[in-house]
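*Asks:* Structure in C-alpha cells, see below.
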Amino acid sequence: MVKLQEAENQIVVAYEVYDQRPSDSDVLMAAIETHRAMLGRTPRLVAADAGFCSAKNEAAAKAKGVKRVCIPNRSTKSRERKREQKKRWFRNGQKWRTGCAGKSVSISVVGG
C-alpha cells in the first residue's frame, strides 16, 4: 500500500510505501509533520476521509497549529459537530480531498 500526501494544486509532497496497511488514524500526525518539514509551515487545512477521524487526532492537529481539520465523523451524535461538517469550508475541503482520492490512503494538506 502507498500513502500519498498532497498539497495545493494536488502536488505530491511525500509518499510512503507500507508492507501492510496501517491504521489510517496512526499516520495523520506524521503527515502533518512531514508537510511542515517539507514546506516550512504547518498546513492551515487538513482533509482526510473518516478513517482518520479521532478526537485525539483532531486535538493534536489543532495543537500543532492546523486551523481547519476537515475529517468527517460519520458516527457523531453531536449537533455542533454535524453543523460544523455542513459548513462551506468543510464541504469544500472534502470535495478537494476527493479529487485526490483513488489512492489507498490519501492525506491532503493545504498550506498558507
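Be aware that the sequence shown starts at -9, since it is given in this note's numbering, and climbs by one per residue.
Every residue gets a Cβ at the ideal spot worked out from N, C-alpha and C, and that includes glycine.
The model shown is predicted, which means the values in this text are computed figures rather than measured ones.
Report the partner residues of I1 according to the DSSP bridge assignment.
*Replies:* Taking the first residue of the sequence shown as 1, we reach residue 1 at position 11. I1 is bridged to A(-3).
*Asks:* In angstroms, rounded to a whole number, what distance separates the CA positions of S94 and K(-7)?
*Replies:* For the purposes of this step, residue 94 is identified with residue 104 of the sequence shown, where counting begins at 1. For the purposes of this step, residue -7 is identified with residue 3 of the sequence shown, where counting begins at 1. For S94, the predicted structure reports a pLDDT of 41, less than 50, and the residue's modelled location is therefore unreliable. The matter cannot be settled from this model.
*Asks:* I'd like the span of the beta strand (DSSP E) that includes A38, first residue to last.
*Replies:* The residue labelled residue 38 in the question sits at position 48 within the sequence shown. Taken as a continuous stretch (DSSP letters only), A38 belongs to no beta strand (DSSP E), as it is neither H nor E.
*Asks:* By the DSSP assignment, the beta strand (DSSP E) with R11 in it spans what residues?
*Replies:* Position 21 of the sequence shown, counting from 1, holds the residue named residue 11. Element bounds for R11: n/a, residue is neither H nor E.
*Asks:* So, is N82 buried or exposed, given that buried needs 16 or more other C-beta atoms within 10 angstroms?
*Replies:* As a working note, residue 82 is residue 92 in the sequence shown. By the neighbour-count rule (16 or more Cβ atoms within 10 Å), N82 is not buried but exposed.
*Asks:* Going by DSSP, which residues form a beta bridge with R58?
*Replies:* As a working note, residue 58 is residue 68 in the sequence shown. DSSP lists L35 as partners of R58.
*Asks:* Could you tell me the alpha carbon to alpha carbon distance between A45 and R58, rounded to whole angstroms?
*Replies:* Sequence index remark: in the sequence shown, residue 45 carries index 55 (1-based). Sequence index remark: in the sequence shown, residue 58 carries index 68 (1-based). C-alpha separation (whole angstroms): 14 angstroms.
*Asks:* Of all the options I1, N(-1), V2 and M(-9), which has the alpha carbon lying nearest to the alpha carbon of Q10?
*Replies:* Indexing the sequence shown from 1 puts residue 10 at position 20. If we check each option's Cα against that of Q10, M(-9) comes out closest.
*Asks:* Given K54, which residues of its chain have a CB within under 7 angstroms of its CB, disregarding the five upstream and five downstream residues?
*Replies:* The count along the sequence shown starts at 1 and reaches residue 54 at position 64. The answer, listed in chain order, is I22 and T32.
*Asks:* What does the alpha-carbon distance come out to for the pair R73 and V36?
*Replies:* The residue labelled residue 73 in the question sits at position 83 within the sequence shown. The residue labelled residue 36 in the question sits at position 46 within the sequence shown. Distance between the alpha carbons of R73 and V36: 18 angstroms.
*Asks:* Should G41 be flagged as near chain D, meaning a C-beta pair shorter than 7 angstroms?
*Replies:* Chain labels in this structure do not include chain D; a single protein chain is all it has.
*Asks:* So, at 7 angstroms on beta carbons, what are the nonlocal neighbours of T24 in its own chain, with the 5 sequence-adjacent residues on each side left out?
*Replies:* Within the sequence shown, numbered from 1, the residue matching residue 24 stands at position 34. Closer than 7 angstroms at the Cβ level, and outside the excluded window around T24, lie Q(-5) and A4.
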